[in-house]
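Please read the structure below before turning to the comments.
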Amino acid sequence: MRVDSKLSSRTILEGRERAGARAMLKAIGFTDDDLARPIVGIANTWIETMPCNFHLRRLAAKVKEGVRAAGGTPMEFNTISISDGVTMGTEGMKASLVSREIIADSIELVGRGHMFDALVALVGCDKTIPGAAMALLRLNVPGIVLYGGSIAAGNFKGRDVTIQDVYEAVGANAAGLMSDEDLKKLEDVACPGAGACGGQFTANTMSTVMEFIGLSPMGGNSVPAMDSQKDEVAYRSGQIVMDLLRRGVRPKEILTRKAFENAIAGVAATGGSTNAVLHLLALAQEAGVPLTLEDFDKISARTPLLADLKPGGRYVAVDVHRAGGIPLIAKKLLEGPGLLDGEQMTPSGRTIREEAGQAVETRGQDVVRPVSDPLKKTGGLVILKGNLAPEGCVIKVTGHERLHHRGPARVFDREEDAMRAVTSKSIKPGDVVVIRYEGPRGGPGMREMLGVTGAL
């Protein structure tokens with residue numbers, strides 16, 4: 002590939018006065034030929050503290066192969082990651098949301114400091130995805146976010162299970178509805194290998210967002226973590242980022258207002274996590290795109306719920322891949338008028354409509370429904386306002402809930418107090434559990450309450 006003298010990396014690597022920089026890089030194996038090529042940063046969130054990111058070193062090696070084959074020189078670096086699942090229900094969970102900012106800051110700093118010409122970020126657990134995307138927008142160099150993929154479902158007594166089932170089993174055990182022996186057996190089989198949590202929880206929701214918004218190649222993120230196809234996805238990602246560099250396409254050109262609307266539609270159609278609101282608002286801020294809570298409410302209200310996914314549905318994320326992947330969901334949405342803007346660009350250079358046109362639907366699949374026969378006529382996100390939340394709150398509905406409820410409020414000032422009340426059976430059917438002072442500032446860190454909700 003012919004190297005453009007305007008590339009950022011030339012500032013560090015070209016000229017007599019940069020001999021010292023080149024000498025240091027040659028000390029670790031880079032050659033003159035390597036340093037004459039465009040430099041691509043490979044931001045890895047690999048870590049040994051969770052299954053979500055445990056396999057990312059393998060994928061990073063494949064990304065680097067793809068970059069080299071396409072004429073670039075990859076340079077890998079690492080950043081942090083906090084496991085929501087491991088830290089859930091503890092003081093450690095207060096570090097999770099904060100980690101999003103540190104991930105974004107650290108990737109941005111390395112990218113600016115070493116003046117990479119392009120960037121690929123490998124992500125897995127919840128906060129790594131928006132953190133990496135925020136950094137890409139700040140750097141605004143050609144780049145993509147590659148999701149490591151979902152974990153396979155576990156099998157317990159003949160049924161598919163996810164980590165959600167373990168949290169629910171803790172409550173069942175405390176209530177005397179599950180034996181200690183069965184809880185241990187479930188714990189041992191719920192997570193059979195590497196990959197992010199299996200339902201349409203935060204990680205898979207934000208993975209979906211990345212494909213719909215245009216920061217990830219369509220069809221790649223939904224390939225499961227340990228599927229042999231994932232290596233090919235990683236290799237192709239290295240080639241795609243080099244193509245983005247050749248074409249001079251930057252993230253802020255892709256992340257338009259319409260791209261954000263597409264992302265919200267993707268969340269609504271899949272029954273995605275309410276955390277998508279938190280993260281998309283942060284991404285919009287970085288992109289300079291106006292976005293409000295009301296936008297989520299309007300788009301979700303017009304978008305049918307198509308994917309029958311846990312936690313509210315029957316299937317897990319790997320089933321989406323088997324059914325036809327995110328391109329199939331996009332294809333279904335494009336069948337409805339005004340649900341998705343098919344002209345928005347993806348990293349491949351093709352539009353969403355073109356990518357969706359290549360979707361292959363598995364015959365007989367019932368994971369993703371047609372627009373004409375949705376699980377629910379409106380999406381999974383609803384914005385409410387009232388005396389409890391005058392500025393708005395987000396709830397997730399999947400079609401099985403009552404729309405009205407009246408009951409006594411049981412108010413707690415921290416998660417641990419609420420959990421003790423649940424496990425001691427002092428919460429009764431019909432009670433409304435309120436946990437105060439657990440927001441981004443009040444917690445601080447806005448701990449997720451999956452332990453409490455699962456036990457309930």
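In this note's numbering, the protein residues as written are 2 to 457.
Built from N, CA and C at the ideal position, the CB exists for glycine as well.
- As DSSP reads the structure, arginine 411 sits in a beta bridge with Val434.
- Judged by DSSP secondary structure, asparagine 174 falls within the alpha helix (DSSP H) whose first and last residues are 164-175.
- A Cβ-Cβ distance of about 6 Å is found for the pair methionine 76 and glycine 42, placing them in contact under the 8 Å criterion.
- Here DSSP, grouped into helix, strand and coil, assigns glutamate 15 to coil.
- The three-state reading of DSSP puts proline 75 in strand, counting E and B together.
- For glutamine 230 and valine 224, the gap between their C-alpha atoms comes out near 7 Å.
- With a beta-carbon spacing of about 3 Å, lysine 95 and glycine 446 fall inside the 8 Å limit used to define contacts.
- Annotation for alanine 331: Ile353, Ala357 place their beta carbon closer than 6 Å to its own, counting only its chain and skipping 5 residues before and after.
- Cβ neighbours of threonine 203 within its own chain (closer than 6 Å, five residues either side excluded): Asp127, Ser274, Asn276.
- Here DSSP, grouped into helix, strand and coil, assigns glycine 155 to strand.
- Under a 10 Å Cβ-count criterion, isoleucine 104 is classified as buried, with 16 or more other Cβ atoms of the shown protein chains found around its own Cβ.
- With a 10 Å radius around the Cβ and a threshold of 16 neighbouring Cβ atoms, serine 151 comes out buried.
- With 16 or more other Cβ atoms inside 10 Å of its own Cβ, asparagine 222 counts as buried.
- Proline 252 is positioned such that its CB atom lies no closer than 8 Å to that of leucine 334.
- One thing to note: valine 68 has its Cβ within 8 Å of the Cβ of methionine 243.
- If you look at leucine 147, you'll find it isn't in any alpha helix (DSSP H); it sits in the beta strand (DSSP E) that goes 144-148.
- Under DSSP, arginine 160 takes part in a beta bridge, and its partners are Phe157.
- The stretch 370-388 and the stretch 300-314 touch, with three or more beta-carbon pairs separated by less than 8 Å.
- Boundaries of the beta strand (DSSP E) harbouring leucine 385: 382-385, taken from the DSSP string.
- Valine 111 carries a helical assignment under DSSP once its states are collapsed to helix, strand and coil.
- In the structure shown, methionine 227 adopts coil according to DSSP, grouped into three states.
- Pairing arginine 411 with glycine 440, the inter-Cα distance amounts to about 18 Å.
- Shortest Cα-Cα distance from lysine 65 to any of Gly86, Ile48, Asn54, Asp35 involves Asp35.
- Shown here for valine 361: same chain residues with a beta carbon closer than 7 Å to its own, the five before and five after excluded, namely Gly325 in chain order.
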